[in-house]
Structures are given as structure tokens and as C-alpha cells.
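Step one of this worksheet: look at the structure below.
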Amino acid sequence: MFHMLSCFNLKPGVTINDFQKSLVALEKHLRDIDLIDSTGNIGRRHRHRIMDTDDERDHEYFFVMTFRDLSQCDRSIEYVYAEEEPGYSIHRAVWHKVDNPVFICWEDI
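To convert, take the position in the sequence shown, counting from 1, and add 697; that gives this note's numbering.
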């Protein structure tokens with residue numbers, strides 16, 4: 698499996714519920730066209746005094762998207778970048794709610 702961790706803050710005035718609704722719509726659409734395996738729950742960062750050692754980033758929220766493999770991930774990226782509807786609008790509904798996103802990818806071994 699291939700995974701992407703998204704770390705982000707929300708733009709001013711955006712609620713986590715608004716963001717979650719948009720993310721659910723994006724996941725459903727990408728699943729319907731076989732461009733994603735799953736999206737995990739949204740988490741809120743807990744700055745634990747010992748276990749949270751990342752002092753470089755100050756993101757409050759995160760979630761993981763999982764793809765069957767790198768190929769499925771790449772097809773998903775191509776689809777989003779092609780700006781085809783309805784995917785373009787569904788992705789923008791998510792993207793326009795986040796501030797300062799950081800993405801980290803890895804593949805299971």
C-alpha cells in the first residue's frame with residue numbers, strides 16, 4: 698500500500714465539520730472512479746511533552762490517504778491536475794479550506 702499523510706491547519710472561519718464533509722465527498726468520488734483505497738479519520742494533534750518531537754511544524758490536523766500502490770496514487774494526481782469535473786470542484790472544496798499543508802508519502806515494505 699502507498700500512503701500520504703496530510704498535515705494542515707484550517708483557514709480562518711472554516712470549521713473542522715465543514716472540512717470533514719468536503720473530505721468525505723472527495724474520498725467517495727475518488728473511490729467511485731477507483732483512484733483511492735481509503736481515507737483515515739481526521740486527527741487533531743496532541744503536543745505530548747515526550748512523544749511529539751516535531752518542533753518544525755505547527756499543524757493542528759492530519760489524516761492519511763491510502764492507495765493500493767504508487768500507480769493508483771499517480772493516476773489520482775493526474776486526475777486532479779487535469780482539472781476535469783466533477784473532480785476538480787470536489788478537490789477544490791477540500792483544498793480551499795486548508796492552510797499551510799504539508800504532505801509526507803511512504804510505501805509499506
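Beta carbons: idealized from backbone N, C-alpha and C, even for Gly.
Quickly, what does DSSP pair residue i with across the bridge? List them, please.
| i | result |
| --- | --- |
| Asn706 | Asp796 |
| His700 | Thr763 and Trp803 |
Rounding to the nearest angstrom, what Cα-Cα distance links residue i and residue j in this structure?
| i | j | result |
| --- | --- | --- |
| Phe705 | Ile806 | 26 Å |
| His726 | Arg765 | 16 Å |
| Val799 | Tyr758 | 11 Å |
| Leu702 | Trp803 | 9 Å |
| Val777 | His788 | 7 Å |
| Ile801 | Met698 | 14 Å |
If the criterion is Cβ atoms closer than 9 Å, does the pair residue i and residue j meet it?
| i | j | result |
| --- | --- | --- |
| Thr750 | His700 | no |
| Gln717 | Ile739 | yes |
Using beta carbons (cut-off 9 Å, strictly below), is residue i in contact with chain B?
| i | result |
| --- | --- |
| Lys708 | Going by chain labels, chain B is absent from the structure shown, which holds only one protein chain. |
Answer with buried or exposed for residue i, where buried requires no fewer than 16 other C-beta atoms within 10 angstroms of its C-beta.
| i | result |
| --- | --- |
| Ser773 | buried |
| Lys794 | buried |
- Run through the segment 741–791 for me and flag every whole alpha helix (DSSP H) of 4 or more residues, listed as ranges in chain order. Runs found: 767–778.
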